Amino acid sequence: MRAMRFERFGGPEVLEEADVPDPVAGPGETLVEVAAAGVNFGDIKQIAGELTEGPYAQKGPLPHIPGMEVVGRTADGRRVLGYVRQGGYAAKTVVAERDLVVLPQGVSAGAALALLVQGLTAWHLLRSVARVRPGESVVVHAAAGGTGSLAVQLARAFGAGRVIATASSEEKRAFALELGADVAVDGAAEGYRERILDANQGQPVDIVLDAVGGPVLDSALDALGFLGRLVTYGSSSRQAATAVPPHRLAVESITVGGFWLIPLLTREGAGGTALEELVGLTARGRLRPLVGAEYDLGSARAAHEDLLGRRTKGKLVLVP
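Take my numbering: the final residue in the sequence shown is number 482, and no numbers are missing along the way.
Right, dumping it as structure tokens:
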């Protein structure tokens with residue numbers, strides 16, 4: 163079968179197309195004929211050899227086929243979305259049954275792939291960690307990104323009283339408003355508290371979802387009210403936040419939590435209530451995943467180069 167693999171660590175240039183044997187499903191697994199595979203930054207880091215520990219780490223000897231997300235069909239005719247630990251960049255792959263969810267025809271492959279890593283992350287940020295309640299105010303940083311754009315929509319679907327988006331440009335802020343945010347503001351650290359309180363009609367906010375880190379995270383803590391929750395799930399600024407003294411949290415009973423999806427998938431699998439709810443919301447038109455460019459599987463290098471060069475918008479899709 164056709165696949166993209168790497169025999170050494172490096173940049174996109176190490177990806178090579180190859181003809182490899184079909185995988186064989188073991189107990190509790192299903193062979194899936196791949197119609198589309200998703201591209202993630204985790205794939206790029208794995209190929210670069212930057213991930214040597216944890217669930218993202220490259221397993222087994224080289225050569226290796228990367229890829230974590232696929233949409234395809236099983237031998238019994240089911241159209242499915244699946245999470246794989248490896249082997250997604252191929253015409254066929256093996257998926258554990260617990261990591262599969264059946265897709266309705268109204269959900270495109272690109273939209274489905276956006277729901278797996280980015281969608282599940284947004285769902286768990288709001289439901290599992292922040293535990294959003296109806297009527298609460300939610301601030302979403304980087305609201306035009308893959309996870310942020312879904313978090314804006316899910317906050318509204320979950321009953322948030324006011325959704326405040328932050329983004330770095332007028333174009334991105336306009337997009338966040340189109341997705342359902344009540345207000346969209348500049349997310350820079352300087353003047354952050356004043357902008358957020360103004361966007362929330364002068365009141366501190368209940369929840370902040372942060373993927374920026376550094377000074378922005380520090381400023382976000384100052385915008386939280388009594389029993390406020392900040393959830394960190396990334397650090398795109400590549401800057402360290404100031405250590406938070408316990409008394410700063412105690413004064414307003416503030417909680418700071420973190421989230422990373424991959425350990426949860428390793429423990430519990432991808433299938434189940436959360437992913438089924440995301441697929442259902444998408445099928446009913448209540449959730450609009452951001453879908454980007456489509457590439458032939460043999461052009462996986464180009465997809466990685468475009469992602470690294472920040473020339474993309476939305477979920478990138480490889481088609482075998």
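Glycine included, each C-beta is placed from N, C-alpha and C at the ideal position.
The structure displayed is predicted, hence computed values, not measured ones.
Going by beta-carbon coordinates alone, are residue i and residue j separated by less than 7 Å?
i       : j       : result
Val-392 : Val-370 : One detail in the question is off: residue 392 reads as Leu in this sequence, not Val. Yes, they are a contact pair.
Arg-167 : Ile-206 : no
Gly-115 : His-303 : Lying outside 163 to 482, the shown extent of the chain, residue 115 is not represented and no answer is given.
Ala-165 : Val-176 : no
Glu-487 : Asp-368 : Nothing can be reported for residue 487, as the shown portion of the chain is limited to 163 through 482.
Ala-305 : Ala-284 : no
Val-194 : Gly-249 : no
Leu-478 : Gly-454 : yes
Leu-423 : Leu-282 : yes
Asn-202 : Val-269 : no
Ala-258 : Gly-190 : yes
Leu-341 : Leu-440 : no
Arg-357 : Asp-384 : no
Would you report the Cα separation of residue i and residue j, rounded to the nearest angstrom?
i       : j       : result
Gly-431 : Tyr-251 : 20 Å
Thr-255 : Ala-322 : 39 Å
Asp-360 : Val-264 : 43 Å
Pro-217 : Gln-363 : Here Pro-217 scores only 46 on pLDDT, less than 50, and its place in the model should not be relied on; the value that follows carries that caveat. Their backbone Cα atoms lie some 42 Å apart in a straight line.
Asp-458 : Ala-237 : 23 Å
Gly-234 : Val-481 : 10 Å
Leu-275 : Gly-308 : 11 Å
Glu-332 : Gly-476 : 18 Å
Leu-288 : Leu-470 : 28 Å
Thr-192 : Val-242 : 11 Å
Thr-394 : Ala-405 : 14 Å
Leu-426 : Gln-365 : 34 Å
Ile-209 : Glu-169 : 9 Å
Ser-381 : Arg-448 : 32 Å
Leu-411 : Arg-335 : 30 Å
Asp-344 : Pro-185 : 48 Å
Glu-438 : Gly-239 : 19 Å
Pro-377 : Ser-398 : 12 Å
Phe-421 : His-409 : 23 Å
Asp-468 : Gly-204 : 15 Å
Arg-429 : Glu-456 : 31 Å
Assuming the contact rule is C-beta atoms closer than 8 Å, residue i and residue j should be a hit. Round their C-beta distance to whole Å, please.
i       : j       : result
Val-294 : Val-300 : 6 Å
Arg-463 : Pro-174 : 4 Å
Ala-199 : Glu-231 : 6 Å
Gly-433 : Arg-260 : 5 Å
Glu-346 : Ala-319 : The sequence shown places Ala at residue 346, rather than the Glu named in the question. About 18 Å; that fails the 8 Å criterion.
Ile-416 : Leu-379 : No, Ile-416 and Leu-379 are not in contact; Cβ-Cβ is about 12 Å, not under 8 Å.
Gly-450 : Gln-315 : The sequence given here has Arg at residue 450, not Gly. Indeed, because the Cβ distance is near 7 Å, the residues count as touching under 8 Å.
Val-291 : Gly-172 : Incorrect: roughly 35 Å between the Cβ atoms, too far for contact.
Ala-373 : Gly-310 : 7 Å
Ala-271 : Ala-197 : 6 Å
So residue i is in the alpha helix (DSSP H); what residue range does that whole segment cover?
i       : result
Asp-238 : Element bounds for Asp-238: n/a, residue is neither H nor E.
Thr-435 : 435-445
Ser-299 : Per DSSP, Ser-299 belongs to no alpha helix (DSSP H); it is in the beta strand (DSSP E), 299-302.
Tyr-354 : 354-361
Leu-383 : 376-384
Pro-204 : First, the residue type needs correcting, since residue 204 is Gly and not Pro in the sequence shown. Where Gly-204 is concerned, the enclosing alpha helix (DSSP H) stretches over 203-209.
Val-413 : 408-413
Glu-430 : 423-430
Asp-468 : 462-470
Answer with buried or exposed for residue i, where buried requires no fewer than 16 other C-beta atoms within 10 angstroms of its C-beta.
i       : result
Phe-337 : buried
Gly-396 : buried
Ala-273 : buried
Thr-435 : exposed
Pro-407 : exposed
Arg-324 : buried
Ala-465 : buried
Arg-473 : exposed
Gly-188 : exposed
Val-246 : buried
Thr-444 : buried
Gly-353 : exposed
Leu-389 : exposed
Output the boundary residues of the beta strand (DSSP E) element that contains residue i.
i       : result
Asp-368 : 367-372
Ile-326 : 324-329
Arg-164 : 164-168
Lys-254 : 254-258
Leu-177 : 177-181
Ala-199 : 191-200
Asp-344 : It is not in any beta strand (DSSP E) - Asp-344 carries neither H nor E in the DSSP assignment.
Leu-478 : 477-481
Taking CB distances under 7 Å as the criterion, tell me whether residue i reaches chain D.
i       : result
Ile-369 : You won't find chain D in this structure, because it holds only one protein chain.
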